[in-house]
Amino acid sequence: MLPLLLAACTPDLDARAHVAAPAPAPVHVPTWPDDPGALHPPPIDVPPDHRPSTVFLVAGHGARDNEGNLGAWCTREQDFTLRTTDALAHLLASTGQFGVVRARTGEQRPSYAARLRHLARSGASLLIELHSDSRAHSVVQNGTSAAGEPCWRDDSEPGFTVLVHDRGEADLVTRRLALARALALALADTGFPPWVGDYNGLYEADAVPGVWRDRRNLYMLRQPAVPSVIVETHNARDGRETLRWDEPATRDAFGRAVVTALLRYERSVRGQ
């Protein structure tokens, strides 16, 4: 019986050979803003039947006593939005398909009421206003402005948002939402991450990531007679995003995403 006892006590070598190996560690794929190569600017593909239209661009803030936030690298929001709107206006005009009217250029400091009067005279079919957001959970000081103000940094809240007002006349609300969603989808497709945090009641998340419905009753969202949105391009307190937005490649990718979104939006409102 000894051979049988030895056989009963011998481990099953075949069974051991089939024990699953430990799962490999997940591969970390860098995303934007850590990896600038994560942006994939779409080609500008204008359909042959596209009818040129006019876009009213607003560089956010820049009114009297309204300079906006102070970012991680001590950049004023009103200065950032002006530079970014300059680049977007140039790209839109270069397509030959979009006329551009600017609410604010150079050293101008028009009031928000003056901007809307300008919009009414412009013949523009929609309004896009650019801002940078200012969000954080725990900040550290990242320098001091020329005026001695602290510049705060927190890299934990990156991403864009598109703000839209969803109350009022039904057809206008439908077009506002269509514009906001087209922009958010095109930006996400390009590689810009939508922010998915919590605005604590100031805005309500839409079904499309990155779109937020205004609960503050913001003047430039509720008042225009044409569809209007505010694009918070990034978190100004995120030092990585802020540096990326100083790069021409980022502004080009953003502009191409906006062109793509506008073409999609116009097709949708024309029922095509």
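The sequence shown begins at 5 in the working numbering and counts up by one. We treat Cβ as the ideally placed atom computed from N, Cα and C, and that holds for glycine. Remember, it's a predicted structure, so these values are computed and weren't measured experimentally.
Between the options, which lies nearest to residue i when the distance is taken from Cα to Cα?
{"i": "P2", "options": "V104, R248, D202, G195", "result": "Outside the displayed range of the chain (5 to 276) lies residue 2, so it cannot be described from this structure."}
{"i": "E133", "options": "D250, F84, P154, R68", "result": "F84"}
{"i": "W199", "options": "D242, S142, E81", "result": "D242"}
{"i": "R268", "options": "V104, P213, R185, A174", "result": "R185"}
{"i": "V177", "options": "S160, D218, R157, F164", "result": "D218"}
{"i": "T99", "options": "S272, E270, R271, V263", "result": "V263"}
{"i": "T79", "options": "A150, V233, R255", "result": "A150"}
{"i": "R139", "options": "D49, A192, D158", "result": "D158"}
{"i": "R121", "options": "D39, L86, W216, P228", "result": "P228"}
{"i": "G75", "options": "P56, G147, V105", "result": "G147"}
If you run the structure through DSSP and keep just helix, strand and coil, what is residue i?
{"i": "S57", "result": "strand"}
{"i": "R180", "result": "helix"}
{"i": "H44", "result": "coil"}
{"i": "T88", "result": "helix"}
{"i": "T79", "result": "coil"}
{"i": "R185", "result": "helix"}
{"i": "A140", "result": "coil"}
{"i": "D49", "result": "coil"}
So the alpha helix (DSSP H) residue i belongs to, where does it begin and stop?
{"i": "A118", "result": "116 to 126"}
{"i": "P252", "result": "252 to 273"}
{"i": "G243", "result": "243 to 248"}
{"i": "L225", "result": "223 to 226"}
In the DSSP assignment, what residue or residues form a beta bridge with residue i?
{"i": "F102", "result": "S57"}
{"i": "L134", "result": "A63, V235"}
{"i": "Q145", "result": "W156"}
{"i": "N70", "result": "A67"}
{"i": "P198", "result": "F164"}
In terms of residue numbering, what span does the beta strand (DSSP E) encompassing residue i cover?
{"i": "Y207", "result": "207 to 209"}
{"i": "R217", "result": "215 to 218"}
{"i": "R157", "result": "154 to 157"}
{"i": "V166", "result": "165 to 168"}
Should residue i be listed as close to the ligand GDP, given that the test is whether its C-beta is under 6 Å from any heavy atom?
{"i": "A93", "result": "No copy of the ligand GDP appears in this structure; indeed no ligand is present at all."}
Please classify residue i as buried or exposed, where buried requires at least 16 other C-beta atoms within 10 Å of its C-beta.
{"i": "R274", "result": "exposed"}
{"i": "D69", "result": "exposed"}
{"i": "G205", "result": "exposed"}
{"i": "Q112", "result": "exposed"}
{"i": "L9", "result": "Low confidence applies to L9: its pLDDT is 41, below 50, so where it sits in the model is not reliable enough to give any reading."}
{"i": "S142", "result": "exposed"}
{"i": "N239", "result": "buried"}
{"i": "G127", "result": "exposed"}
{"i": "D175", "result": "exposed"}
{"i": "G110", "result": "exposed"}
{"i": "S160", "result": "exposed"}
{"i": "H44", "result": "exposed"}
{"i": "V166", "result": "buried"}
{"i": "P15", "result": "Residue placement at P15 is poorly supported in this model, since its pLDDT is 46, which falls under 50; the coordinates still yield a value, given next. P15 is exposed by the Cβ-count criterion."}
{"i": "Q82", "result": "buried"}
{"i": "R20", "result": "Low per-residue confidence applies at R20: pLDDT is 46, beneath 50, and the placement is therefore not dependable, though the value from the model is reported in the following sentence. Burial call: exposed."}
{"i": "A253", "result": "exposed"}
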